[in-house]
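Visitor: In the numbering used here, the protein residues as written are 81 to 417. By construction, the Cβ of each residue, glycine as well, lies at the ideal position given by its N, Cα and C atoms. Quick caveat: nothing in here was measured; it's all calculated off a predicted structure.
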Amino acid sequence: MTARDPVNASLPRVAAVGAGRMGRGIAIAFAYAGHRASLVDLRERSDEAWRKLHGEVIAEVESSLAGLASLGVMPLELVPEIVARIDVVRAADAPRALAAAELVFEGVPETLQAKREAFAQINAHCRDDAILTSTTSSILVTQIAEFVKRPERFLNIHWLNPAYVIPVVELSYHAGTDPAVLARAKALMEAIGKLPVVCGPTPGYIVPRLQALIMNEAARMIEEGAATAEEIDKATRYGLGLRFAALGVVEFIDFGGSDILHHASREMSASIDANRYKAPAILDKMMGEGRLGLKSGSGFYDYAGRDVAAYRSDVLLRTLGMLKHAGLWQPPAAATR
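Pasting the structure below:
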């Protein structure tokens, strides 16, 4: 990501509702990219409690940015300027901040009641043309859409922590979401250096749904005595993680072959757990059609007309880059006589 020196008044103003960790991360991400960002606290607080919260927010924002500077990814002297782009807004001033925002992120606690109450205020004060989003990680977009006055302008945008570092944001739309609103939301995310991925109203989005399976299985392996936490982490960082940093999960299936996954699923379904490892019907269908992936010319992707040798070389180059970054690539042994 790249910091812009001046505040650009033409950039859309954003508001993050909820002054917790996620709201703070979102405010940092937009302020870093040059936007004015309002971090809105909807809870009524005493003057003393408000001063305490305000101090905590500013301290965390400064610390987060200073941490980036210490790693050499931004100049330390830009920290005060970026912090100054973030307005921490008290409940009494929420109407003003919400009315000024083109893009609003709801990030209050994960209960339907809290979401309902937050959107009551957002509905009352936001512009009719504002894009409204929730950052929920556990509630379906269809459930929250019921609380929104103009549901066609609503979608979920799920950020991965730290929100100001991880590029992927998951956009989950519902049947009533205006396609133009979805496209605008994607464009706004891309403009601050994010990589938006889109999914329908599905539990767990993409990343949490996949990672929950992996994390639960790791915990089971420790529980069963199959391996220690240290060995599992070594295997995932430098085996599983390294390969999936070079190849997407579905790309990985095609690269090795859907038949490999089919046979591995059959064996582990029999030896570990039939429910956890049963191959999905789509895999059986692909096997029957001979769509095995790269080796057959089609799988989840179509490889017709693709330079397969160049593609394999590129994948190897990506993998070697990860190895070198991890300090695990070794030069060949010297010739012996």
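Please report the residue range of the beta strand (DSSP E) in which residue 212 lies.
Guide: Along the sequence shown, one-based indexing puts residue 212 at 132. Where residue 212 is concerned, the enclosing beta strand (DSSP E) stretches over 211-214.
Visitor: So what's residue 241 in DSSP terms, helix, strand or just coil?
Guide: Working through the sequence shown from its first residue, we reach residue 241 at position 161. The answer is coil: DSSP assigns residue 241 none of H, G, I, E or B.
Visitor: Quick one: is residue 343 buried, meaning 16 or more other Cβ sit within 10 Å of its Cβ, or exposed?
Guide: Counting from 1 along the sequence shown, the entry for residue 343 is found at position 263. So residue 343 ends up on the exposed side.
Visitor: Have a look at residue 96 and residue 182 and give me their C-alpha separation to the nearest angstrom.
Guide: The residue given as residue 96 occupies position 16 in the sequence shown. The residue given as residue 182 occupies position 102 in the sequence shown. Using only the alpha carbons, I get a separation of about 11 Å.
Visitor: Would the segment 124-132 and the segment 108-116 be scored as touching if the rule is three or more Cβ pairs under 8 Å?
Guide: Touching, no.
Visitor: So for residue 299, helix, strand or coil by DSSP?
Guide: Numbered from its first residue, the sequence shown carries residue 299 at position 219. Residue 299 falls in the helix class under three-state DSSP.
Visitor: Which whole-angstrom value is the C-beta distance of residue 374 and residue 332, which I expect to be below 8 Å?
Guide: As a position in the sequence shown, residue 374 is number 294, starting the count at 1. As a position in the sequence shown, residue 332 is number 252, starting the count at 1. Wrong, their Cβ atoms sit about 11 Å apart, outside the cutoff.
Visitor: So, does the CB of residue 188 fall closer than 8 Å to a CB anywhere in chain C?
Guide: Here there is only one protein chain, and chain C is not present.
Visitor: Considering only the alpha carbon of each residue, which of 189, 223, 265 lies closest to residue 233?
Guide: Residue mapping note: residue 233 aligns to position 153 of the sequence shown, counting from 1. The shortest Cα separation from residue 233 among 189, 223, 265 belongs to 265.
Visitor: Exposed or buried, what is residue 104 when buried is set at 16 or more other beta-carbons lying within 10 Å of its beta-carbon?
Guide: The residue labelled residue 104 in the question sits at position 24 within the sequence shown. When all chains shown are included, residue 104 counts as buried.
Visitor: Does DSSP put residue 248 in a helix, in a strand, or in coil?
Guide: Here residue 248 corresponds to residue number 168 of the sequence shown, with the count starting at 1. Three-state DSSP puts residue 248 in a strand.
Visitor: Have a look at residue 158 and residue 188 and give me their C-alpha separation to the nearest angstrom.
Guide: As a working note, residue 158 is residue 78 in the sequence shown. As a working note, residue 188 is residue 108 in the sequence shown. Roughly 29 Å separates the two Cα atoms.
Visitor: Pick out the complete alpha helix (DSSP H) segments inside the segment 83-122, 4 residues or longer, and give them in chain order.
Guide: Listed in chain order, the complete alpha helix (DSSP H) runs (minimum 4 residues) inside the segment 83-122 are 101-112.
Visitor: Have a look at the DSSP bridge pairing and note the partners of residue 378.
Guide: Mapped onto the sequence shown, residue 378 falls at position 298. Partner(s): 373, 382.
Visitor: Buried or exposed for residue 231, going by 16 or more other Cβ atoms inside 10 Å?
Guide: Locating residue 231 in the sequence shown gives position 151, where the first residue counts as 1. Label assigned to residue 231: buried.
Visitor: Could you tell me which residues DSSP puts in a beta bridge with residue 228?
Guide: Locating residue 228 in the sequence shown gives position 148, counting from the first residue. Note: residue 228 sits in no beta bridge, so no partner.
Visitor: For the 8 Å Cβ check, are there 3 or more pairs between the segment 386-405 and the segment 363-371?
Guide: Because the criterion of three Cβ pairs below 8 Å is not met, the segment 386-405 and the segment 363-371 do not touch.
Visitor: Identify the continuous alpha helix (DSSP H) that holds residue 334 and give its terminal residues.
Guide: For the purposes of this step, residue 334 is identified with residue 254 of the sequence shown, where counting begins at 1. It spans 329-336 - the alpha helix (DSSP H) in which residue 334 sits, taken as one unbroken run.
Visitor: Could you tell me which of 291, 224, 166, 216 sits nearest to residue 238, measuring between CA atoms?
Guide: Locating residue 238 in the sequence shown gives position 158, counting from the first residue. Comparing Cα-Cα distances from residue 238 to each of 291, 224, 166, 216, the minimum goes to 216.
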